[in-house]
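To keep things clear, I will list the structure first and then write my remarks on it.
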Amino acid sequence: MTDTQSSTGDRTFAPPEAIASRANVGPAVYEEAAADRLAFWAEQAGRLSWDRQWDEVLDWSNPPFAKWFVGGRLNVAYNCVDRHVEAGHGEQVAYHWEGEPGDTRTINYAQLKDEVSKAANALTELGVQAGDRVAIYLPMIPEAIISMLACARIGAVHMVVFGGFSADALASRLDDAGAVLVITADGGYRRGAPSALKPAVDDAVSRSPGVRNVLVVKRTEQDVEWTEGRDLWWDDVVGRQSPEHTCEFFDAEHPLYIMYTSGTTAKPKGILHTSGGYLTQVSFTHWASFDLKPDEDVFWTAADVGWVTGHSYIVYGPLSNRATSVMYEGTPETPHRGRWWEIVQKYGVTILYTAPTVIRTFMKWGEDVPAGFDLSTLRVLGSVGEPINPEAWLWYHANIGGGRCPIVDTWWQTETGGHMINPLPGVTSLVPGSAQVPFPGIKAKVVDDEGNELSDDSTGLLVLTEPWPSMLRTIWGDDDRYVDTYWSRFGKNVYFAGDGAKKDADGNIWLLGRVDDVMNVSGHRISTTEVESSLVGHPSVAEAAVVGASDPTTGQGIVAFVILRESGVDSGDELVQTLRNHVARDIGPIAKPRQIMVVQELPKTRSGKIMRRLLRDIAENRELGDVTTLTDSSVMNLIKEKLPAAP
Ligand code: WT7
Numbered sequence: 001m002t003d004t005q006s007s008t009g010d011r012t013f014a015p016p017e018a019i020a021s022r023a024n025v026g027p028a029v030y031e032e033a034a035a036d037r038l039a040f041w042a043e044q045a046g047r048l049s050w051d052r053q054w055d056e057v058l059d060w061s062n063p064p065f066a067k068w069f070v071g072g073r074l075n076v077a078y079n080c081v082d083r084h085v086e087a088g089h090g091e092q093v094a095y096h097w098e099g100e101p102g103d104t105r106t107i108n109y110a111q112l113k114d115e116v117s118k119a120a121n122a123l124t125e126l127g128v129q130a131g132d133r134v135a136i137y138l139p140m141i142p143e144a145i146i147s148m149l150a151c152a153r154i155g156a157v158h159m160v161v162f163g164g165f166s167a168d169a170l171a172s173r174l175d176d177a178g179a180v181l182v183i184t185a186d187g188g189y190r191r192g193a194p195s196a197l198k199p200a201v202d203d204a205v206s207r208s209p210g211v212r213n214v215l216v217v218k219r220t221e222q223d224v225e226w227t228e229g230r231d232l233w234w235d236d237v238v239g240r241q242s243p244e245h246t247c248e249f250f251d252a253e254h255p256l257y258i259m260y261t262s263g264t265t266a267k268p269k270g271i272l273h274t275s276g277g278y279l280t281q282v283s284f285t286h287w288a289s290f291d292l293k294p295d296e297d298v299f300w301t302a303a304d305v306g307w308v309t310g311h312s313y314i315v316y317g318p319l320s321n322r323a324t325s326v327m328y329e330g331t332p333e334t335p336h337r338g339r340w341w342e343i344v345q346k347y348g349v350t351i352l353y354t355a356p357t358v359i360r361t362f363m364k365w366g367e368d369v370p371a372g373f374d375l376s377t378l379r380v381l382g383s384v385g386e387p388i389n390p391e392a393w394l395w396y397h398a399n400i401g402g403g404r405c406p407i408v409d410t411w412w413q414t415e416t417g418g419h420m421i422n423p424l425p426g427v428t429s430l431v432p433g434s435a436q437v438p439f440p441g442i443k444a445k446v447v448d449d450e451g452n453e454l455s456d457d458s459t460g461l462l463v464l465t466e467p468w469p470s471m472l473r474t475i476w477g478d479d480d481r482y483v484d485t486y487w488s489r490f491g492k493n494v495y496f497a498g499d500g501a502k503k504d505a506d507g508n509i510w511l512l513g514r515v516d517d518v519m520n521v522s523g524h525r526i527s528t529t530e531v532e533s534s535l536v537g538h539p540s541v542a543e544a545a546v547v548g549a550s551d552p553t554t555g556q557g558i559v560a561f562v563i564l565r566e567s568g569v570d571s572g573d574e575l576v577q578t579l580r581n582h583v584a585r586d587i588g589p590i591a592k593p594r595q596i597m598v599v600q601e602l603p604k605t606r607s608g609k610i611m612r613r614l615l616r617d618i619a620e621n622r623e624l625g626d627v628t629t630l631t632d633s634s635v636m637n638l639i640k641e642k643l644p645a646a647p
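Heads up, the sequence shown is in the UniProt record's numbering, so the first residue is 1 and it goes up one at a time.
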């Protein structure tokens, strides 16, 4: 790739010729979308198979309640599976599944069609009807995908709950959604050992009278408690069904799934996605953002299907495009730190999509680990979940991408359903650290508190100014909260994303973290992400989390928690001073952290987000709040033990 200087003085990376010369979309896509946004999305909807054509592309007569492809009818599962088999691609691999212990399954499109049809027949036999909610609480095994598609096929609404969530979290979701069935497993493999799932389901379902049955996949063969009449083995019920199933077609606005996401309050929000618009956008973004070539690529989103990333870019996007994907059950360090790279080498992965927090972990482990594997098949890399700091970007680019793969940093949310702001691999000159430009057909702006557009590098709020096909339609059961949370701050036509952002002179958008994570120090707005990025830019630091702690003189003071790299660096006062000065030099004296604490671990949610709220509790010397959504709640004790007495 050619390196040049951008107007901001940073390095940029032009699209590699090998990709640009035969990319799925070229530069004209932006003009086409700008000329007629709705016609552009209608064209993308035409990539799908519809039983009945829509009458109107968008009905926005009652904002913020959108209807896309009004009057159109389709079946989402048919689009993801059957039509590829009918077109003669039944033999093509849909998933190379890799279990953590090393067992594997290869599922082609014809087999997937049979499995989904059997599961759809089983759901119908269990009395599940179109519109009913079905909870899926499974490890990363193919039955998770089969269950989702079986629901879609019969018009039931799936609600996947990440297998790492507690019984309480599951119970509150079952209750909120009014689920009639739970699909689970005896357990799954995590860090080299079987972990149980069924006990959490038993606990949660005992409090959820609406759940009639629990369908249990056998994965680990561990003993499980059994409630006769309620619990059923997947193999018994699904196993005996016919692989023939004639699908019905549903309205474009028929609900497809609910995905719960934590808001700023305790009660999680059930984000509702529907069918036609959702599939249109995830399908087209998957094809354009990753330049997916169905006959050549091996695509791998290394995330859990329990998150929206998995829904859109393990299941619906890839299948609608007839991709061959990799699905991996376990953790990156099991049984060794090269497991991911071994998988890339084994299956010849060409496109890899992961999160910055994972990349920084790999950085911590050192470049020797990936260097031991053949990663030469990779051609496009993706990033999602948080801003990717330039150091991690450059490391990913050099050590995983061999300097030849564009990195597509994708900004989006559970609420947006699909990609919203990201470069295109065959078109955009990449600027490390920025998600860059709105996807074709998407309108985004950075505004000040009054809603005036900012484009001069000053910090503001990210808003989306036009509805988009894969937008959430409401919060399940709570239209008022939907309006209040997203469509009130700047009126009913402007979506408030909750992220701080700035736009530079080249028109690139830089995401600066959630606005609740923006600190105010002596009247200056400083992003936690910016300070974190500076800290991880120092050679001694592997990971950093920054919070604004209340301060009697400055309003907020910057408190940083850092994990050092493994090379046995000094962690004493001298290093802390060095790091404080490093940040002051990097960003400006105003950003110099008041306090830096060296820790072994950071508290993270199961989706990998640092729980700054807990760190703020520590920084402000308070009793700890709720720790139930942490991956590992002992982390907080470890941190507290290590701390000097608060100043
Ligand atoms: C929030 C949404 C999108 C699926 C996974 C997370 C942050 C996400 C980026 C990015 C900067 C990002 C934002 C957003 N975020 N991707 N590429 N650059 N920030 O979904 O749990 O709904 O979180 O994640 O803060 O609002 P989510």
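Beta carbons are placed, not taken as given, at the ideal position from N, Cα and C, and that holds for glycine.
Give the secondary structure of residue i by DSSP, where H, G and I count as helix, E and B as strand, and everything else as coil.
| i | result |
| --- | --- |
| Ala130 | coil |
| Gln556 | strand |
| Pro406 | coil |
| Trp393 | helix |
| Thr264 | In this prediction, Thr264 scores a pLDDT of 48, lower than 50, which makes its location untrustworthy; the coordinate-derived value is nonetheless stated afterwards. Coil at Thr264, not helix or strand. |
| Thr459 | coil |
| Glu601 | coil |
| Glu333 | coil |
| Asn24 | coil |
| Met636 | helix |
| Asp103 | coil |
| Trp68 | strand |
| Gly310 | helix |
| Pro423 | coil |
| Asn321 | coil |
| Ala14 | coil |
| Gly88 | helix |
| Met611 | coil |
| Trp50 | coil |
| Asp551 | strand |
| Phe561 | strand |
| Glu620 | coil |
Can you tell me the Cβ-Cβ gap for residue i and residue j, rounded? I've got them flagged as a contact below 8 Å.
| i | j | result |
| --- | --- | --- |
| Thr274 | Leu292 | About 23 Å; that fails the 8 Å criterion. |
| Val515 | Asp499 | 7 Å |
| Gly330 | Tyr353 | Contact doesn't hold; Cβ gap of about 17 Å is too wide. |
| Pro139 | Gly163 | 5 Å |
| Pro15 | Pro406 | 6 Å |
| Pro440 | Val81 | About 27 Å; that fails the 8 Å criterion. |
| Ala120 | Arg153 | 4 Å |
| Gly537 | Glu391 | 5 Å |
| Val521 | Ile590 | 6 Å |
Excluding five sequence neighbours on each side, which residues of the same chain lie with their C-beta closer than 7 Å to the C-beta of residue i?
| i | result |
| --- | --- |
| Val315 | Ile145, Met148, Val305 |
| Ser312 | Val282, Gly417, Gly418 |
| Thr261 | Pro268, Lys269, Ile271, Thr414 |
| Thr124 | Ile154 |
| Ser550 | Gln556, Glu620 |
May I ask you to check if the CB of residue i is nearer than 6 Å to at least one heavy atom of the ligand SAM?
| i | result |
| --- | --- |
| Asp114 | Of the ligands one can find in the structure shown, namely the ligand WT7, none is the ligand SAM. |
By Cβ distance, which residues of its chain are closer than 6 Å to residue i, with the 5 residues on each side in sequence left out?
| i | result |
| --- | --- |
| Asn75 | Cys247, Phe249 |
| Val447 | Glu453, Gly460, Leu461, Val463 |
| Glu253 | Lys67, Thr274 |
| Glu91 | Asn108 |
| His84 | Tyr109, Arg322 |
| Ala302 | Thr354 |
Hey, is residue i's beta-carbon within less than 7 Å of any beta-carbon in chain D?
| i | result |
| --- | --- |
| Gly382 | As a matter of chain content, chain D is missing from the structure shown, which is built from one protein chain. |
Near residue i, which residues of its chain fall below 8 Å by C-beta distance, leaving aside the five closest residues on each side in sequence?
| i | result |
| --- | --- |
| Ile343 | Glu98, Trp300, Val326, Tyr328, Val349 |
| Trp510 | Pro387, Gly433, Ser434, Ala435, Ala501, Lys502, Lys503, Asp504 |
In the stretch 338-368, which residue ranges form an unbroken beta strand (DSSP E) of at least 3 residues, counting only runs that do not cross its ends?
351-354
Check whether the stretch 586-601 and the stretch 555-564 touch, using three or more Cβ-Cβ pairs below 8 Å as the test.
yes
What alpha helix (DSSP H) runs, 4 residues minimum, are completely inside the stretch 198-266?
198-206, 234-237
Would the stretch 63-81 count as touching the stretch 39-53 if we require 3 or more Cβ pairs under 8 Å?
yes
Using 8 Å as the threshold, is the stretch 210-218 in touch with the stretch 354-367, meaning 3 or more CB pairs across them?
no
Contiguous beta strand (DSSP E) assignments of at least 3 residues, all confined to the stretch 449-506:
460-464, 495-503
With a cut-off of 8 Å, do at least 3 Cβ pairs link the stretch 37-44 to the stretch 213-233?
no
Any chance the stretch 171-178 sits against the stretch 218-230, with 3 or more Cβ pairs inside 8 Å?
no
Inter-stretch contact (C-beta, 8 Å, three-pair minimum) for the stretch 361-371 and the stretch 114-133
no
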